[in-house]
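Data first, discussion second: the structure below is written as structure tokens.
6 protein chains.
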Amino acid sequence: MSRDDGRANDVHRPVTIQRRFTRTAPGSVLIEMGGTRVLCTASVEQEVPAWLEGKGKGWLTAEYSMMPSSTRPRKRRDRGPKTDGRTVEIQRLIGRSLRSVVAMDQFADHTFWIDCDVLDADGGTRTASITGAYVALVDAIRESPLAGREQTILTGSVAAISVGIVGGTPVLDLDYSEDSTADVDMNLVMTGSGQFIEVQGTGEQQTFSWEQLQQLIELGRKGIASLTELQQVALSAE
Amino acid sequence: MSRDDGRANDVHRPVTIQRRFTRTAPGSVLIEMGGTRVLCTASVEQEVPAWLEGKGKGWLTAEYSMMPSSTRPRKRRDRGPKTDGRTVEIQRLIGRSLRSVVAMDQFADHTFWIDCDVLDADGGTRTASITGAYVALVDAIRESPLAGREQTILTGSVAAISVGIVGGTPVLDLDYSEDSTADVDMNLVMTGSGQFIEVQGTGEQQTFSWEQLQQLIELGRKGIASLTELQQVALSAE
Amino acid sequence: MSRDDGRANDVHRPVTIQRRFTRTAPGSVLIEMGGTRVLCTASVEQEVPAWLEGKGKGWLTAEYSMMPSSTRPRKRRDRGPKTDGRTVEIQRLIGRSLRSVVAMDQFADHTFWIDCDVLDADGGTRTASITGAYVALVDAIRESPLAGREQTILTGSVAAISVGIVGGTPVLDLDYSEDSTADVDMNLVMTGSGQFIEVQGTGEQQTFSWEQLQQLIELGRKGIASLTELQQVALSAE
Amino acid sequence: MSRDDGRANDVHRPVTIQRRFTRTAPGSVLIEMGGTRVLCTASVEQEVPAWLEGKGKGWLTAEYSMMPSSTRPRKRRDRGPKTDGRTVEIQRLIGRSLRSVVAMDQFADHTFWIDCDVLDADGGTRTASITGAYVALVDAIRESPLAGREQTILTGSVAAISVGIVGGTPVLDLDYSEDSTADVDMNLVMTGSGQFIEVQGTGEQQTFSWEQLQQLIELGRKGIASLTELQQVALSAE
Amino acid sequence: MSRDDGRANDVHRPVTIQRRFTRTAPGSVLIEMGGTRVLCTASVEQEVPAWLEGKGKGWLTAEYSMMPSSTRPRKRRDRGPKTDGRTVEIQRLIGRSLRSVVAMDQFADHTFWIDCDVLDADGGTRTASITGAYVALVDAIRESPLAGREQTILTGSVAAISVGIVGGTPVLDLDYSEDSTADVDMNLVMTGSGQFIEVQGTGEQQTFSWEQLQQLIELGRKGIASLTELQQVALSAE
Amino acid sequence: MSRDDGRANDVHRPVTIQRRFTRTAPGSVLIEMGGTRVLCTASVEQEVPAWLEGKGKGWLTAEYSMMPSSTRPRKRRDRGPKTDGRTVEIQRLIGRSLRSVVAMDQFADHTFWIDCDVLDADGGTRTASITGAYVALVDAIRESPLAGREQTILTGSVAAISVGIVGGTPVLDLDYSEDSTADVDMNLVMTGSGQFIEVQGTGEQQTFSWEQLQQLIELGRKGIASLTELQQVALSAE
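Residue numbers (the numbering used here), protein chains in the order written: chain A, 580 to 817; chain B, 580 to 817; chain C, 580 to 817; chain D, 580 to 817; chain E, 580 to 817; chain F, 580 to 817.
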């Protein structure tokens, strides 16, 4: 199979990670993976949800939204009484993923708010959100009253990528046109040290075998190793 | 590790599948897995969502709900403007899982409605819902104007089970007390012929290694083989 | 007039009252009246609505819902911003009826939650709910920290039944096909000692005379006497 | 028992019925019963609900609302996602009551909208709403393209009144202070010819006997006869 | 241009201001401007929004609603999850306008609630609301525990009027038929001493020049001077 | 008075207008005015609201939102049943303003969607939205099937700016710190040829005189002339 943009099956799209993209939020990252662009911001507030009060713990929560102009045709704005099911799933995934690399007892009584807003959508928006949000989270710690406690608050780094079976072939980092024809679609979330945080594979068009599942995970592991490196490079810049 | 109910780590809880449990719905199954009991019903309507009209296809959709009395303390009734995120995720999973074993072009202009209502919740309600719903779906086909087309409508069977790492040990079919202390929680949905439909593993308490992931999947495959057999036994009865 | 199921006009459908139907709720009763089946559960929580705090009183509240599969065709699930008017009326009626046989000052700072969920709907679901909920309430008292105070908490028993004028003739306990063609429809809620709690008669198809009203009430009183006896039998079993 | 305002137990409060109170609606009636004042308007539209289209029938529907300033302290405005349960019950009652005196097949494809807005609330607002709305409905017919068909559209008149047991004594037409201390509260809706449309009696504070029920109905019948006369007088004026 | 009702371009419609229109609210004014009639009520409550607690200040808030029968055809009742945009704008304007003539630190811990409900709508309902609400507010102060502090609470009076360009000509106080064909529509809110509180001019059909803007404001100032006088006359009556 | 950033009272903040900022929407403009940054996008769809179908006209509508991270502390995301009143007002203003410079009969059966999402909020977000949205609208016409009809669709250009009285002095283009202490706040929307579209002045802290109103409008006219020039420069670039 040859991919539209000529990529090899195990290569992800070009990635750029731009820190301090907006000015108000302490952490603000624009991540691009090919045609997908997501603004990931992180803020800290000195309060926790009611059920955590007085427990000596902090919290981290995430919201995800696609801007109306991020798709063609324009997508209806995410308002109204009912948040759409896909959005709910994605923001829960982002929250869980980031929570898995922070030590809640190291920032008692603080909440990190992660906001991932998709500016341009070309596949892989949820995984790009996680990869970008991690960088924004680090900046938010550095810019907040928690500055200096980065080493104890963070237990590792986190990145995510999609893999899938397209036209019978396992491929890394699907763009929108691949995603919409994929037989199997899988999202992997992993730490920088190669441990799994989340594995979500779905075969709505086709079921898949144990062997295919293993191939997909192998592809994803390589992709995440590359993204982890790009995160570290971005964060080591001034 | 010894489990509370003395089960071996690779053994699921006792399962009973009771067909024709309520009288109104064409398919109505009460599935019990240990202390968890779910009423799974299936109905057929001669209509499809607007976006499928005139396309020569059918549709299948699912709803999931926990009855207020299914937990202690009582759970707030699932009403109001905002369906809770967990509920949305689960009913989308049930829908996708069942859709993967039906041939949409074999029941043009019909919709199957799957309703999974949890009567008693003791862990594994989403996977029990899928396993029970498959049996209800078969009955609904048999009782409906589509009777006789069971072989062409269904492309296989589907069952689901949870696996997880509890106290460092991989175990099959977690009950509520195990689930609430699990380091890693995974749900597997597979066909009766051993293909994967959905793999969802989450390590919110702890991350997990590639080796652990493989062990968990192995456990789940055995469990699903056993559930598939129980489904067939139930369906072969009068 | 001869009734579809051959019943005499003053005879109610066969009733069964099955206690401990689900396992989680302290009180859980499946009541069947002919083809109608309702799961009535009762739970106790140690809290009261804000307006009762510190007043030395308890509270009792009820919710009612028809399961989607309880009707044919399937009924839309009772979700979304707006609870439907009929549901609101019915759950208010159930709450008032049960409250009329409990002494609020005998269970200060506790709330009883009554949940009535219709599994199969064949007429008379609201009255079956009340009759079943009373039995569930007794069990909830017995299973709760309030055990032993049953005599002081309860000031009597409560049961309910429908009566109506069908084809010009007053009849007891209408099934769905009778109910949908009735000229006059009335629900009676009474105590075990023959006092009235609620009388709701509606003549949307036809108005009715004072004489007919008296006949209907007479029929209902007999029906309730029979239901009261069945409640006592059920509750005296182990 | 002597009543606050010196009325005998079987006497209703002074009633005035003012037609053409506002100018825009074809029927617009201000009804006063003592301190209670309700603006009842009726409009006609040439359309019917979807389920009545092409059936050769018309429809009548009602809405009820208490203005925020109609109570002291001020009542929260009836907005937001959830119409309050009491409001839903009342507007359904008003709708059923008025529908029982119109012949739906005599105004095919038209809908009457009845709006009852309480300006001052001093007890009995729902029954005053029904009594006033009947007069507004007649005016709306007379002012609409249906003018001249009043005799065939209307099958009778309708009025309503409350009765109750206060301090052990049955009384007619309770004001707010009586209503809030009543043991038993009953609303009667009847035609001008003395037939019953709706009987709703509730004993939340106390249960009531068959004898008491008969006394209450007797009181109510007298009250409605008087209101019917006042409606006729109002309608016979220019 | 000659106006439908023969008015000169700089003359407002006949105004009547009727105090104590309903009985329950402390301030209750029916204001008529030609065919437009609005019931303006004012109530006082001893509480403030959370963000003002303990700050030694009071608050004033307003709600606006058009009764369903105030337009022909009938307007859908203002219920449901989403208050319509026009309503939100208007009630915010009424609130701001009234707040500009009260000294918040002179009625610490009290909130004035202003309710403006349109009975008949014939153009200019928002400006009539403001003019009437001022009179209701004065009465509410006089009738409340704040009586006697009218001089310190109120820093002035407020009235409002619409102006616009219709058929190329600037006119004062547009009725509905003028308003719906106006090129430019402007609302002025001013104090009794001739200071501006709010200027809102919109040219959706046509843009307007600096000269036209000056003419409109001149017309409005004259109108408001007249309304201020009518408010004073009304308030000086017993 | 000296302003925080040393600007003269009649000078607006530095403005940059960056076209083609995101890739998916046909028109996409990032406008910066000092610390305020708004992403303005414009899309075209071949459909109109139901009430315009078959009328030979097009439509233009706008939505406005502040991103949660655009303020410090973070602003709650604009979801849920109730769009906040300020948001509703602003997006109605943006829509009206843009509609005033398009000829609806020149793009029959098409709708322009304008989305203004605030990335960083430092005062003047609604006026920056209008100024930026005009540029995005032009690009959307050029990129759409309507390309080439720019001259007939657009009847002029539109820009907007805020003026106000701060510390007694009229100033142009208030930043957040000025805005939050302003006595009078006014927004002007004008065409490139100097005609008024909208004038909205509010004196919540203080009322204002006719002379002050004239001074404010004079300041605003100069500011808009400058913005109009910047729009033209941006649009004349490739």
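Virtual Cβ for every residue (Gly too), placed ideally from N, Cα, C.
By alpha-carbon distance to residue 622/A, the top candidate from 668/A, 694/A and 667/A is 694/A.
Using a Cβ-Cβ cut-off of 7 Å, residue 604/D is close to 648 of chain E, given in chain order. Assignment of beta-bridge partners to residue 647/D by DSSP yields no partner.
When DSSP assignments are scanned along the segment 649-719 of chain C, the uninterrupted stretches of alpha helix (DSSP H) that are 4 or more residues long and fall wholly within it turn out to be 664-678. Contact annotation: residue 751/E and residue 802/E have beta-carbon atoms nearer than 8 Å. For residue 627/C against residue 676/C, the beta-carbon gap comes to about 20 Å, at or over 8 Å, which does not count as contact. Between the segment 764-784 of chain E and the segment 674-692 of chain E there are three or more inter-stretch CB-CB distances shorter than 8 Å, so the stretches are counted as touching.
With a beta-carbon spacing of about 6 Å, residue 617/D and residue 711/D fall inside the 8 Å limit used to define contacts.
DSSP, read as helix, strand or coil, puts residue 809/D in helix. Beyond the five residues adjoining it in sequence on each side, residue 699/C comes within less than 8 Å, by CB distance, of 614, 615, 616 and 649 in the same chain, given in chain order. Along the length of the segment 614-644 of chain B, whole beta strand (DSSP E) runs at least 3 residues long occupy 615-624, reported in chain order.
Interface criterion not met: the Cβ of residue 731/B is under 8 Å from no Cβ in chain C.
Taking C-alpha positions only, residue 688/D is separated from residue 651/E by approximately 18 Å. Distance check between residue 672/B and each of 642/B, 782/B and 753/B places 642/B closest, using alpha-carbon atoms only. Annotation for residue 779/A: the continuous beta strand (DSSP E) segment containing it runs 775-781.
Spanning the alpha carbons of residue 657/A and residue 647/F requires a straight line of approximately 14 Å.
Shown here for residue 782/B: same chain residues with a beta carbon closer than 6 Å to its own, the five before and five after excluded, namely 763 in chain order.
At a beta-carbon threshold of 9 Å, the residues of chain B lying near residue 700/C are 603, ordered along the chain. Considering only 739/A, 779/A, 624/A and 811/A, the residue with the shortest C-alpha distance to residue 800/A is 739/A.
The Cβ atoms of residue 779/E and residue 749/E do not sit closer than 8 Å to each other. Neighbourhood of residue 775/D in chain C, by CB distance below 9 Å: 763, 780, 782, 786, 787, 788, 789, 791 and 792, in chain order. Non-local beta-carbon contacts of residue 592/E in its own chain, meaning distances under 6 Å to residues more than five positions away in sequence, involve 612, 613 and 752 in chain order. When only Cα atoms are considered, residue 804/F and residue 704/F end up about 19 Å apart. According to the DSSP assignment, residue 731/C belongs to no beta strand (DSSP E) but to the alpha helix (DSSP H) extending over 729-732. Just so you know, the alpha carbons of residue 715/A and residue 653/B end up roughly 39 Å apart.
With fewer than 16 other beta carbons inside 10 angstroms of its own, residue 630/F counts as exposed. Residue 757/C: member of the alpha helix (DSSP H) spanning 755-758, first to last residue. Residues of the segment 670-695 of chain B that bring their beta carbon within less than 7 Å of a beta carbon in chain A comprise 671, 675, 678 and 679, in sequence order. In chain order, 635 and 636 place their CB closer than 7 Å to the CB of residue 684/A, counting only its own chain and leaving out the 5 sequence neighbours on each side.
In the structure shown, the three-state DSSP call for residue 815/D is helix. Straight-line spacing of the CA atoms in residue 758/E and residue 669/B works out to 53 Å. Judged by DSSP secondary structure, residue 598/C falls within the beta strand (DSSP E) whose first and last residues are 594-598. Taking 8 Å as the cut-off, the beta carbon of residue 732/A is found closer than this to the beta carbon of residue 681/A. Taking CB atoms only, residue 657/D has a neighbour in chain E less than 8 Å away. Taking 8 Å as the cut-off, the beta carbon of residue 718/C is found closer than this to the beta carbon of residue 605/C. In this structure, residue 798/A and residue 583/A do not form a Cβ contact; the two beta carbons are roughly 18 Å apart against a cut-off of 8 Å.
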